[in-house]
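Here the structure comes first, spelled out in C-alpha cells, and everything after it is commentary.
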Amino acid sequence: MAADDGIKAGRLPPEQYAKNFADLHAPLSRHEAAVEADRCYFCYDAPCITACPTGIDIPMFIRQIAAGNPKGSAKTILDANIMGGMCARVCPTETLCEQACVREAAEGKPVKIGQLQRFATDALMAVGTQPFKCAATTGKRVAIVGAGPAGLACAHRLAMHGHDVTMFDARPKSAGLNEYGIAAYKAVDNFAQREVDFILGIGGIKIETGKALGRDLTLDALTKDYDAVFLGMGLPGVNGLGVPGEDLKGVEDAIRFIAELRQTKDLAKLSVGRRIVVIGGGMTAIDVAVQSKLLGAEDVTILYRRGIEHMKASVYEQDLAQTKGVRIKHGLQPKAIIGEAGHVTAIECEYTSEKLGKLAGTGETLRIEADMVFKAIGQTFDGDPLGGLVALGSGRIKVDAERRTSAVKIWAGGDCIAGGKDLTVSAVEDGKQAAESINRFLTTAV
Amino acid sequence: MADLRSTFVGIKSPNPFWLASAPPTDKEYNVVRAFKAGWGGVVWKTLGEDPNIVNVNGPRYGYVHGPDRRLIGLNNIELITDRPLQVNLDEITAVKKAWPDRAMVVSLMVPCEEKNWAGILKRVETTGCDGVELNFGCPHGMSERGMGSAVGQVPEYIEMVARWCKAHTRMPVIVKLTPNITDVRHPARAAKKGGADAVSLINTVSSIVSVDLDTFSPNPSIDGKGSHGGYCGPAVKPIALNMVAEIARDAETRGFPISGIGGITTWRDAAEFMTLGAGNVQVCTAAMTYGFKVVQEMISGLENWMDEKSHATLGDFVGRAVPNVTDWQYLNLNFVTKAKINQDLCIKCGRCHIVCEDTSHQAITSIVNGKRQFEVIDAECVGCNLCVSVCPVEDCIDMVEMATGVDPRTQRPISPGKSNWTAHPNNPGRKVAAE
Numbered sequence: 006m007a008a009d010d011g012i013k014a015g016r017l018p019p020e021q022y023a024k025n026f027a028d029l030h031a032p033l034s035r036h037e038a039a040v041e042a043d044r045c046y047f048c049y050d051a052p053c054i055t056a057c058p059t060g061i062d063i064p065m066f067i068r069q070i071a072a073g074n075p076k077g078s079a080k081t082i083l084d085a086n087i088m089g090g091m092c093a094r095v096c097p098t099e100t101l102c103e104q105a106c107v108r109e110a111a112e113g114k115p116v117k118i119g120q121l122q123r124f125a126t127d128a129l130m131a132v133g134t135q136p137f138k139c140a141a142t143t144g145k146r147v148a149i150v151g152a153g154p155a156g157l158a159c160a161h162r163l164a165m166h167g168h169d170v171t172m173f174d175a176r177p178k179s180a181g182l183n184e185y186g187i188a189a190y191k192a193v194d195n196f197a198q199r200e201v202d203f204i205l206g207i208g209g210i211k212i213e214t215g216k217a218l219g220r221d222l223t224l225d226a227l228t229k230d231y232d233a234v235f236l237g238m239g240l241p242g243v244n245g246l247g248v249p250g251e252d253l254k255g256v257e258d259a260i261r262f263i264a265e266l267r268q269t270k271d272l273a274k275l276s277v278g279r280r281i282v283v284i285g286g287g288m289t290a291i292d293v294a295v296q297s298k299l300l301g302a303e304d305v306t307i308l309y310r311r312g313i314e315h316m317k318a319s320v321y322e323q324d325l326a327q328t329k330g331v332r333i334k335h336g337l338q339p340k341a342i343i344g345e346a347g348h349v350t351a352i353e354c355e356y357t358s359e360k361l362g363k364l365a366g367t368g369e370t371l372r373i374e375a376d377m378v379f380k381a382i383g384q385t386f387d388g389d390p391l392g393g394l395v396a397l398g399s400g401r402i403k404v405d406a407e408r409r410t411s412a413v414k415i416w417a418g419g420d421c422i423a424g425g426k427d428l429t430v431s432a433v434e435d436g437k438q439a440a441e442s443i444n445r446f447l448t449t450a451v
Numbered sequence: 274m275a276d277l278r279s280t281f282v283g284i285k286s287p288n289p290f291w292l293a294s295a296p297p298t299d300k301e302y303n304v305v306r307a308f309k310a311g312w313g314g315v316v317w318k319t320l321g322e323d324p325n326i327v328n329v330n331g332p333r334y335g336y337v338h339g340p341d342r343r344l345i346g347l348n349n350i351e352l353i354t355d356r357p358l359q360v361n362l363d364e365i366t367a368v369k370k371a372w373p374d375r376a377m378v379v380s381l382m383v384p385c386e387e388k389n390w391a392g393i394l395k396r397v398e399t400t401g402c403d404g405v406e407l408n409f410g411c412p413h414g415m416s417e418r419g420m421g422s423a424v425g426q427v428p429e430y431i432e433m434v435a436r437w438c439k440a441h442t443r444m445p446v447i448v449k450l451t452p453n454i455t456d457v458r459h460p461a462r463a464a465k466k467g468g469a470d471a472v473s474l475i476n477t478v479s480s481i482v483s484v485d486l487d488t489f490s491p492n493p494s495i496d497g498k499g500s501h502g503g504y505c506g507p508a509v510k511p512i513a514l515n516m517v518a519e520i521a522r523d524a525e526t527r528g529f530p531i532s533g534i535g536g537i538t539t540w541r542d543a544a545e546f547m548t549l550g551a552g553n554v555q556v557c558t559a560a561m562t563y564g565f566k567v568v569q570e571m572i573s574g575l576e577n578w579m580d581e582k583s584h585a586t587l588g589d590f591v592g593r594a595v596p597n598v599t600d601w602q603y604l605n606l607n608f609v610t611k612a613k614i615n616q617d618l619c620i621k622c623g624r625c626h627i628v629c630e631d632t633s634h635q636a637i638t639s640i641v642n643g644k645r646q647f648e649v650i651d652a653e654c655v656g657c658n659l660c661v662s663v664c665p666v667e668d669c670i671d672m673v674e675m676a677t678g679v680d681p682r683t684q685r686p687i688s689p690g691k692s693n694w695t696a697h698p699n700n701p702g703r704k705v706a707a708e
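Protein chains in written order, with this note's numbering: chain E, 6 to 451; chain L, 274 to 708.
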C-alpha cells in the first residue's frame, strides 16, 4: 500500500484549490458579448425558444445585448425564468437551446446562448435592482415546501401576483440543489445564495429553513393553514447499488459528497481518495468525478453499465470530465465491492452486452482498485411525509399540465414530480406554471 | 499574366491604385512608406497658401463600427495640410525624384481668385509632379471659407477655376467632386467645359456619425461641441459607384476620364468602380484602417481576376458595366424571377419568411405539412430579392428566371420579347410603337 493511498485531505498545494475550483467559464467581456450576440440571426419563431423548457425569448435577449441594453436583456430572460442566472451556468445548453440553434445546423457552432444569458443576468445582478414588482396584496397565503429552484420560481411568480408566500426548507440554507448539488466551479462566488437574495428582493416571500415536511410540518396542517400549497421538496433518497460490499467504508453517495464539498469553506480540509470509482452516467457522476479529480485524486474512473450513447450526461459534460483527466469506462456494471478491514479497496465489475434493449452481464470481469466508490445512480423520492394526501405515479408525485396534484389546493414541481427532467430549468418552469395555476385558482375560486 | 500598368490622363503608374489626397499622403515619410508597400501613385494631401491652416487639437475622426468594431464608416474634421507650403513642395520634389515610376499628383485648394491659382500652380510645377487635383470636395471647415465643397457645389465656379488652371499650367488637371450636391452630372459637365482633364469622385459626405447620449455632443467632440465632418469608408461605396456611373453614362461627359474614389477596400471594389467607368481608383480609408499593405491584396486580387477572365489590360474591362446602367423606365418588365430556396442548404432560421410576411408579399411559408419549412409560394412571389438580401446562407436562395410559361402570380403568359414602362398600358405618357 502506497503512502498516498486511502482517503486524505490536503492532497494539493494550498493555492491550487482556488485555481481548480474557479469559474469553469470566464464570463464574457462586453466586447466578447457584443461579437457573440451579433452571431444570432434573430430567427423567426426561433427553435431555441422552443427548446428552452422555460421558453425564454432568446433572440430578443441577445438582440438587447447587441444593442447595448443588458438590463433590458436580463428582464427578457427573467420574465420567463427567474433563475436565468443559475440556468446560464448549469443548463446543459448543448442539449437544449444551443442544440436547436440554427448555427448548430449550419456550422456546428451554435451561438453561445448560455454565456450570453450569464452576461445579461450578471449585468442586472451587479446593479441589484429587482425588475419586478408585487401586485397589490390579495391577502391569500401560499405555503411552499422546499426552497429549491421549483419553490423559488413559484414563490417569485406568486409574489408578483400579490400573494403572500411562506417557504419551508429542511436544510439550513435555501436554493436546494443550486446550493448543495451542483459542481462548485459552475456557481462560484456564492452565486446560489446571491440569486436567492435577488429573488426575495421582490418582497412578500418569507423563508423558514430547518423545517422538514413529515418532521416539523404536516401537509394536512399546511393545507388547512394556507390557501394553497406547492410541493417542491426534491428527491431526498439515493439509489443503492444492490451489490455486496456496499456498506464498506469509502462507499459514498455522490450527492452527499457534493453537498459537503459545496459547504466546505477550506477545500484543503476535505478528504478524498487516491483512486476513485464513480458508478453512474448522469450529471451527478460527472460532477463528483471531476471535483474529486480537482481535489487531487490520482485516478478517477466513471463506470457506466450501458453504451456511452446512453449516458445522461451530455457529450459536453463527458468531454469536460475527460479533459480534467477523468476516465470514462462504459459497458461495465458493479458486481461486488471488495474491502479490507472494513474499508473499500477495489471494485469488481462485469462487462455487459445489450441485446434487443436488454442488458446482461457477459461473465467477464474486471477489478479496479479504489479507496473510494461514489454511487451516482439516481435519487429516490420519499412519499411518506405526504401522509397519503396526494397520489403518486412512477414513485413520484403525479401532476397534470398545470402541476396540480390529485389534491385540491396542492401543486407540485421540480424533481419530486413524476416525469420530472431533473434539470434546474425544468424545475423553474414547474414552479412558474404552478404559480400561474395557483393564481388562477386563488383569484377565481368562490 | 495580367498587365496592371495604368495610364490616367497621361500619368503613368505601375498599377491603378493611388492613395487619395488625405492624411496618408501628408508628408514624405508616409508617401515613401506607401510606395515601398506598392501603391501605384499618390495624390498629395491638399496644399493651400501660407500661413498654413491649423487643425483642432482634439479628436479629428468619428467612426461607425460593426459589432466587432470593424470600421464601416469614418468621418473627419481635419483640414488641408497644416504644414508650410515650401516644406510640402520640397518633400514632393524629393519623393518624385526618388520614385519616378510612381504617379505624383498634388491636390490644391486656394481662394477663388485667378491670381491665387496661378501663383500656387507655378510653385507646384517646380516639384516635377505629374498633375494636380483641384479639391472642390471637402465639406467641412474649408467650405466655410469659400473653398472645397463650397466651390464644388457651384458648377459655374468649377468651370471657372478649371479654366484658370488649364491656362496656367501644362500639367493635367483633375477636378475632385463633392457628393454633397443633388445631381453630380452638373459639376462634372462644368469641369469638362472648363477644360479639365478628368474628374475624381467622390470626396467625403457631410455627416454626423453619432451623438454622445451622456453629454449630448456630436462625435467627434471638441470640448463638448461637434461640427459636421466628411464621411468615408465602406459605407459610402454604393453612393460613389452611382455617381461615377452617372457621369460615365451622361451624354455630355461620356468618355471623360474618371478617377474613382469612395470606400474602396478590396480589389473587387476597385474592379467595380473601373467597370463603371473609372480609369483608376483612389483609396484612403482602407489604408487608414489597416495600413499601406492592403494594396498588395488589391494588386493580387485584381491580377487573379483579370487572368481568370482573360482581361489582359485594364482597358479590357474599364467601362464594361456602363452600357448596362440605364434608367428605370427602360428595365424589361417582361423579365420574371421567382425566389427558389435550396432546402438542402436552408438552416431554417426563418428570416426570409418573416421579412416577406411582415414587410413584403406573404410569399414564403413557415410550416409545410406541419413541419418548419420555408418555401416560396410562386403565386405570391414578386421576385423582389428581399429574402436573398436577408438570408444568412450563401447561395441558399436564388432568384430564378421564369423564361417561359405563365407567371402564377399575374396569370399572364411570359413574353419572350422585352417590354418596358415607356410602352406600358398603365403609363399615361406611353409611346406607341411605330407602325
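Glycine residues also receive a C-beta, built at the ideal position from the N, C-alpha and C atoms.
Taking 8 Å as the CB-CB cut-off, is residue i touching chain L?
i	result
ASP50(E)	yes
TYR356(E)	no
VAL40(E)	yes
ALA71(E)	yes
ALA110(E)	yes
ASP62(E)	no
ASP389(E)	no
ASP194(E)	no
TYR46(E)	yes
GLU434(E)	no
ASP455(E)	With chain E covering 6 to 451 only, the question about residue 455(E) has no answer from this structure.
Check the Cβ-Cβ distances between residue i and every residue of chain E, and say whether any is below 8 Å.
i	result
VAL666(L)	yes
ASP341(L)	yes
SER286(L)	no
SER639(L)	yes
GLU708(L)	Unreliable positioning characterises GLU708(L) in this predicted model, as indicated by a pLDDT of 49, which lies under 50. A coordinate reading is not provided.
Per DSSP, which residues does residue i bridge with? Please list them.
i	result
HIS338(L)	LEU344(L)
GLU525(L)	According to DSSP, which records beta bridges pairwise, GLU525(L) is partnered with nothing at all.
PRO686(L)	VAL679(L)
GLU230(L)	Nothing can be reported for residue 230(L): it is not among the residues displayed for chain L, which extend from 274 to 708.
CYS354(E)	PRO339(E), LEU371(E)
ILE210(E)	VAL170(E)
GLY404(L)	VAL378(L)
MET672(L)	ALA612(L)
Near-chain E residues of the region 606-632 of chain L - C-beta to any C-beta below 7 Å: ILE620, LYS621, CYS622, GLY623, ARG624, HIS626, ILE627
Cβ contact check for the region 334-345 of chain E and the region 245-253 of chain E: 3 or more pairs under 8 Å: yes
Cβ-based contacts, 9 Å cut-off: residues of the region 95-107 of chain E near chain L: VAL107
Touch test, the region 27-43 of chain E against the region 596-611 of chain L, Cβ-Cβ under 8 Å, three pairs minimum: no
Secondary structure, beta strand (DSSP E): runs of 3+ residues fully inside the region 295-350 of chain E: 304-309, 332-335, 337-345
3 or more residues per run - each beta strand (DSSP E) lying fully within the region 592-641 of chain L: 610-614
Touching by the beta-carbon criterion (3+ pairs, under 8 Å), the region 88-101 of chain E and the region 653-661 of chain L: no
contact_flag[the region 472-485 of chain L, the region 330-337 of chain L] where n(CB pairs < 8 Å) is 3 or more: yes
Any 3 or more C-beta pairs closer than 8 Å across the region 425-442 of chain L and the region 453-472 of chain L: yes
Completely contained beta strand (DSSP E) runs for the region 123-178 of chain E, where each covers 3 or more residues: 146-150, 169-174
At least 3 beta-carbon pairs within less than 8 Å: the region 519-528 of chain L vs the region 434-441 of chain E: no
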